[in-house]
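Using the UniProt record's numbering, the first residue of the sequence shown is number 1, and each one after it goes up by one.
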Amino acid sequence: MTDTAQTPVGSFIAGLPKAELHVHHVGSASPRIVSALAARHPDSKVPTDPEALVDYFTFTDFAHFVEVYLSVVDLIRTPDDVHLLTYEVARELARQNVRYAELTITPYSSTRRGIDERAFMAAVEDARKTAEAELGVVLRWCFDIPGEAGLEAAEETVRLATTDGLRPEGLVSFGLGGPEIGVARPQFKPYFDRAIAAGLHSVPHAGETTGPQTVWDALTHLRAERIGHGTSSAQDPWLLAHLAEHRIPLEVCPTSNIATRAVATLDEHPLKQFVDAGVVVTINSDDPPMFGTDLNTEYAVAARLLGLDERGIADLAKNAVEASFLDEAGKRRIAAEIDTYTEAWLSR
């Protein structure tokens with residue numbers, strides 16, 4: 001992980017109140033937590049040595065990333081594992097002055113491994129409430145379909161997300177993750193329709209490792225309110241214009257896109273193209289320990305790519321707050337914190 005805090009801009013970012021909208025539950029497990037979980041479950045091929053995890057988390061392509069990711073998913077086998085992971089992710093977010101985060105959870109990956117669905121919900125909810133009380137970070141959930149698991153996983157995910165008495169209080173949105181190649185977005189329309197009818201927001205991944213048509217499909221068939229990644233949108237001027245006109249935000253994760261080979265180099269990343277086209281962008285970390293990054297680092301990367309000063313970085317942070325599904329009072333509170341912090345920093 002690059003130490004960005006040693007520069008003035010890095011120090012500003014480190015203290016900046018932030019929101020994160022695209023960060024995965026299991027993918028946020030730090031090497032310390034992954035090694036502890038691997039030690040609990042010695043039949044796993046995941047290394048127990050945190051230093052060995054650095055090599056383990058070096059990916060050749062997106063397919064290899066998914067393979068490694070799923071091996072870490074397999075370490076989450078009990079409600080205690082779920083609670084430990086969730087609380088520790090919240091602790092890491094709080095360390096970075098994240099005030100609010102929408103954490104993407106794939107419940108199908110846990111329930112199909114034998115974790116009781118009600119115990120799973122209780123574990124994440126207890127961890128959420130404890131983290132808010134003890135750490136001051138507000139968590140909300142996005143339940144996502146693992147696309148590679150097909151329509152059985154879609155049915156199970158929407159059932160868990162919409163059943164009264166089972167759906168967790170913190171759930172705000174419904175997503176679609178996993179590999180995009182060979183996983184057409186339109187087939188998931190009935191499941192998104194049910195989730196939306198139950199009051200959930202639509203936030204599928206699209207256009208990360210496939211072309212802009214995948215983004216169009218997410219907008220047309222899944223009624224996406226935000227797009228996870230959307231990297232290939234830069235290839236379609238009409239799509240960029242549509243995203244800008246309708247204020248549909250992109251959840252941009254620069255380092256992730258390099259790690260999974262979705263983009264060749266940071267200098268080739270389309271982030272500036274998005275901003276120049278008037279598209280709302282938010283900055284996110286995706287699966288931070290797996291990619292050797294964190295949210296502070298991603299803001300530093302974005303600041304460099306966009307040539308931002310402190311006020312520009314603060315405006316970027318407010319994009320995420322405004323694009324979130326937090327209530328309006330909560331949005332105003334965090335936006336005011338950002339402004340207060342920024343003015344105090346600049347008046348030093």
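Every residue, glycine too, gets a C-beta built ideally from N, C-alpha and C.
Check	Outcome
Using 7 Å as the threshold, is the C-beta distance between L151 and A101 below it?	no
For my contact list, T209 and F62 are in at a C-beta cut-off of 8 Å; report their separation, rounded to the angstrom.	5 Å
Using a Cβ-Cβ distance cut-off of 7 Å, determine whether S173 contacts chain D.	In the structure shown, chain D cannot be found, because there is only a single protein chain.
With burial defined as no fewer than 16 other Cβ atoms inside 10 Å of the residue's Cβ, what is the status of I338: buried or exposed?	buried
Between P270 and L316, what straight-line distance do the alpha-carbon atoms span, to the nearest angstrom?	16 Å
Quick one: give me the first and last residue of the beta strand (DSSP E) that H242 is part of.	Unbroken run through H242 is the alpha helix (DSSP H), P237 to E245; no beta strand (DSSP E).
Can you tell me where the beta strand (DSSP E) holding R99 begins and where it ends?	V98 to I105
For R32, which residues of its own chain have a beta-carbon under 7 Å away from its beta-carbon, when the five flanking residues on both sides are left out?	P50
If you drop the 5 nearest sequence neighbours on each side, which residues of the same chain put their C-beta closer than 6 Å to that of P249?	R226, V280, T282 and A323
Which whole-angstrom value describes the C-beta separation of E20 and L243, a residue pair presumed to lie in contact below a C-beta threshold of 8 Å?	Between L243 and E20 the Cβ distance is about 20 Å, and since that is not below 8 Å, they are no contact.
Near A218, what residues of its chain come up, given a Cβ to Cβ distance below 7 Å and the 5 sequence neighbours on each side ignored?	R185, P204, A206, A224 and I227
Can you tell me where the beta strand (DSSP E) holding H24 begins and where it ends?	K18 to H24
Under DSSP, the beta strand (DSSP E) around S173 begins and ends at which residues?	L171 to G177
Can you give, in chain order, each stretch of the alpha helix (DSSP H) that sits fully within the region 288-333 and has at least 4 residues?	295-306 and 310-323
Are R128 and G165 touching if we call contact CB-CB under 7 Å?	no
Among the residues of its own chain, which have a CB less than 7 Å from the CB of S110, if the five just before and after it don't count?	I76, V82 and F120
Below 7 Å between beta carbons: does that hold for A314 and T340?	no
What residue ranges within the region 183-243 form continuous beta strand (DSSP E) runs of no fewer than 3 residues, ordered along the chain?	227-229
When DSSP labels each residue in this structure, what does E251 get in the three-state scheme?	strand
How would you call E180, buried or exposed, if buried means at least 16 neighbouring beta carbons within 10 angstroms?	buried
Decide yes or no for the touch test of the region 141-156 against the region 88-106: beta carbon pairs closer than 8 Å, at least 3 of them.	yes
Tell me the DSSP bridge mates of F143?	I105 and F174
Our contact map puts L85 next to H25 with C-beta atoms below 8 Å; I'd like the distance itself, whole angstroms only.	7 Å
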